[in-house]
Each structure stands twice: as C-alpha cells, then as structure tokens.
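> Please find one structure pasted underneath; my questions will follow.
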Amino acid sequence: MFARWTNSAPASSSWPAVRLVSLFDKFAALRALQTTLGGDGRVPSVATPMDEVHSATEATIHGRRVVLAGTNNYLGLTFDAECRAAAVAAIEALGTGTTGSRMASGNYAGHRGLERALADAFGWPAGIVFSTGYQANLGTLSALAGPDDFLMIDADSHASIHDACRLSAATTIRFRHNDPENLDRRLARLGEGARRALVVVEGLYSTLGDRAPLREIVEIKNRHGAWLVVDEAHSFGLFGARGLG
7 MFARWTNSAP ASSSWPAVRL VSLFDKFAAL RALQTTLGGD GRVPSVATPM
57 DEVHSATEAT IHGRRVVLAG TNNYLGLTFD AECRAAAVAA IEALGTGTTG
107 SRMASGNYAG HRGLERALAD AFGWPAGIVF STGYQANLGT LSALAGPDDF
157 LMIDADSHAS IHDACRLSAA TTIRFRHNDP ENLDRRLARL GEGARRALVV
207 VEGLYSTLGD RAPLREIVEI KNRHGAWLVV DEAHSFGLFG ARGLG
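With the working numbering, the residue at position 39 of the sequence shown is 45, and numbering never jumps.
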C-alpha cells in the first residue's frame with residue numbers, strides 16, 4: 007500500500023498536520039537526475055549498450071567503432087581461440103546452464119577440476135570458484151569475519167569489499183590508501199584484538215591503477231598477528247613470477 011504526502015489533517019482532527027511518505031518517494035531525486043542526464047527519464051549513458059563487439063578491446067557503440075578502455079578483459083581471454091572452443095564444447099556437452107546451484111544440481115566435474123588446478127597453482131590444499139569477483143569478496147569475507155572480529159580495509163577498496171563488510175557484521179576499520187604506517191597504528195590500537203583482524207587489500211586497484219605495498223603490509227600484519235586477504239581480481243595473470251598476482 008502506498009501513502010502520499012498530505013499537508014493537512016482532517017478537519018475533525020485535533021492532531022497536527024503530518025506528512026506520509028511513500029516507500030518510493032526517496033527515489034524522486036534520482037528520477038530527476040536521470041531526466042536531467044538522459045533528457046527523457048531513461049537510464050543515462052552509464053548503461054550504454056554495445057551494438058557489436060569486434061574483439062577483446064574494440065566494439066561499436068551508437069554506430070562508432072571505439073576502444074574499450076574500461077574493460078576488465080586485460081588478457082583477452084574472451085576471444086582466445088582455445089577458450090572459445092572450450093566454451094562451445096561445454097555447451098554441446100552440458101547445455102547452456104547448470105540449472106541449479108553448486109549445493110544442489112549445479113556442481114559439475116569441470117568446476118572441481120578448475121578449483122583443483124587453481125589450488126595446485128597457488129600451493130593451497132583447496133580452492134573455490136565464484137561466478138564473479140564481486141561474489142568472491144562477499145562470500146569470502148562474510149564467511150571469515152563475524153560480529154566479534156575486525157575487517158581492516160584500505161580506504162579505497164572496491165565496493166564489493168565494503169558490501170562484504172556490512173554482510174559480515176564484523177567491526178570495519180579503514181586505513182589510509184596504501185599507507186602501511188597508518189595500518190600499523192590502527193592494528194596497534196586493537197592490542198590483542200589484532201589477532202582477530204583480517205586486513206583486506208587489492209593487489210592492483212582497478213579504480214586508481216596503483217598496487218598495494220604487499221611486502222610492508224605482510225610484515226606489519228605478521229607483527230600484530232593479524233590475517234591478510236589480497237583481492238587479485240585485476241592483478242592475476244599480470245604480475246608475479248608465474249603470473250599469479
């Protein structure tokens with residue numbers, strides 16, 4: 007049921023005038039902004055569709071061939087011949103989707119094989135693959151940290167990290183971007199609580215293009231007994247002796 011604004015109470019009422027607001031009234035400012043940007047109230051150019059994709063780095067938008075400077079397809083794997091052949095073979099063998107979650111009917115041998123290969127590459131006993139990097143941060147951080155723990159995150163962390171902090175119900179503490187000394191001071195304030203702190207940084211910050219000073223951060227977290235998660239979404243395949251971030 008929707009309530010609307012009213013400027014006066016009924017004549018028979020002795021109560022002062024009240025204003026009732028609809029659930030959706032809070033979006034009025036957003037609608038006005040969309041109208042201003044789009045001219046007709048439609049979603050503005052932030053949702054511009056690609057009319058045709060030519061390669062990992064080029065597409066046609068509104069009739070113009072452009073370079074996709076904002077793509078995350080750094081390695082060009084979406085157009086790699088081997089990857090495309092594997093995708094076609096998977097569709098032929100398994101259909102267009104799993105039709106269920108991993109916990110139900112959607113856990114295929116290929117998933118387990120990929121997770122095993124990634125775990126072996128990193129030298130870990132196991133691994134888990136998520137559909138997106140956003141989901142990986144939500145699932146990982148909310149599982150590792152709870153109400154009695156601390157998430158110590160870089161101030162310029164990706165939105166998925168901030169959302170994961172809210173989902174986890176852990177106490178979130180921000181330190182200045184790429185500032186190991188500031189991180190050191192904030193961990194020191196926790197005292198023994200630092201052993202329940204999870205430091206979260208990004209190997210390569212997609213919005214800024216700079217890298218985390220991991221050597222210094224690792225030394226600091228070890229000294230305080232804290233833990234570390236490195237989001238390698240934008241550095242995997244690009245950095246490291248074996249391209250592992």
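All C-beta atoms, glycine included, are put in the ideal place defined by N, C-alpha and C.
Do the stretch 174 to 191 and the stretch 151 to 163 touch if we need at least three Cβ pairs shorter than 8 Å?
Contact holds: three or more Cβ-Cβ distances are below 8 Å.
> Assign Leu120 to one of three DSSP states: helix, strand, or coil.
Helix at Leu120.
> With DSSP collapsed to three states, give me the class of Ile134.
Residue state, collapsed to three classes: coil.
> For Phe156, which three-state DSSP category applies?
DSSP places Phe156 in strand when its eight states are reduced to three.
> So, with DSSP's three-state summary, where would you put Thr66?
Correct three-state label for Thr66: strand.
> When you compare only the Cα positions, how much space is there between Ala142 and Gly133?
About 11 Å.
> Report yes if the CB atom of Leu79 is closer than 8 Å to the CB atom of Ala62, and no otherwise.
First, the amino acid is wrong: residue 79 is Asn here, not Leu. It is a contact, given that the beta carbons lie within the stated cut-off.
> Report the rounded CA-to-CA distance for Glu187 versus Gly209, giving the unit in angstroms.
If I take the Cα positions, the gap works out to 18 Å.
> Measuring straight from C-alpha to C-alpha, what distance separates Phe8 and Leu29?
Unreliable positioning characterises Phe8 in this predicted model, as indicated by a pLDDT of 46, which lies under 50. A coordinate reading is not provided.
> From the DSSP output, which residues share a beta bridge with Thr178?
Answer is Leu157.
> What number of angstroms, rounded off, separates the C-alpha of Gly243 from the C-alpha of Gly119?
Answer to the nearest angstrom: the Cα atoms are 19 Å apart.
> Take the Cβ of Val94 as the centre, count every other Cβ of all protein chains shown within 10 Å, and call the residue buried at 16 or more, exposed below.
It is exposed - the Cβ of Val94 has fewer than 16 other Cβ atoms within 10 Å.
> How would you label Trp130, buried or exposed, when you count the other beta carbons within 10 angstroms and need 16 or more for buried?
That one is exposed.
> Span of the alpha helix (DSSP H) holding Glu222?
Run containing Glu222: 220 to 230, per the alpha helix (DSSP H) assignment.
> Does DSSP classify Thr12 as helix, strand or coil?
The predicted model places Thr12 with a pLDDT of 47, which falls under 50 and marks its position as unreliable; any figure quoted below should be read in that light. Correct three-state label for Thr12: coil.
> Taking its Cβ as the centre, do 16 or more other Cβ atoms sit within 10 Å of Ile97, making it buried, or is it exposed?
Exposed, since its Cβ has fewer than 16 Cβ neighbours within 10 Å.
> Only counting runs of 3 or more residues, tell me where the beta strand (DSSP E) segments fall wholly within the stretch 57 to 106, in order along the chain.
Qualifying beta strand (DSSP E) stretches, in chain order: 64 to 67, 70 to 73.
> How about Leu147 and Val205: are their beta carbons less than 8 Å apart?
Cβ distance not < 8 Å, so Leu147 and Val205 don't count as in contact.
> Could you round the C-beta distance between Glu88 and Leu74 to whole angstroms and report it? I think they count as a contact, below 8 Å.
Wrong, their Cβ atoms sit about 22 Å apart, outside the cutoff.
> What span of residues does the beta strand (DSSP E) with Glu208 cover, start to end?
Segment 203 to 208, the beta strand (DSSP E) holding Glu208.
> If we ignore side chains and look at the alpha-carbon of each, how far apart do Ala161 and Thr105 end up?
Distance between the alpha carbons of Ala161 and Thr105 is about 38 Å.
> Where DSSP assigns a beta bridge to Val236, which residues make up the other side?
Partner(s): Val207.
> Tell me the DSSP secondary structure of Arg195 in three-state form.
Reduced to three states, the DSSP call for Arg195 is helix.
> Should Asp216 and Ile167 be called a contact, given that it needs their Cβ atoms to be closer than 8 Å?
For Asp216 and Ile167, no; Cβs fall outside 8 Å.
> Evaluate Leu26 with the Cβ neighbour count: other Cβ atoms within 10 Å of its Cβ, from every protein chain shown; 16 or more gives buried, anything less gives exposed.
Its Cβ having fewer than 16 others within 10 Å, Leu26 is exposed.
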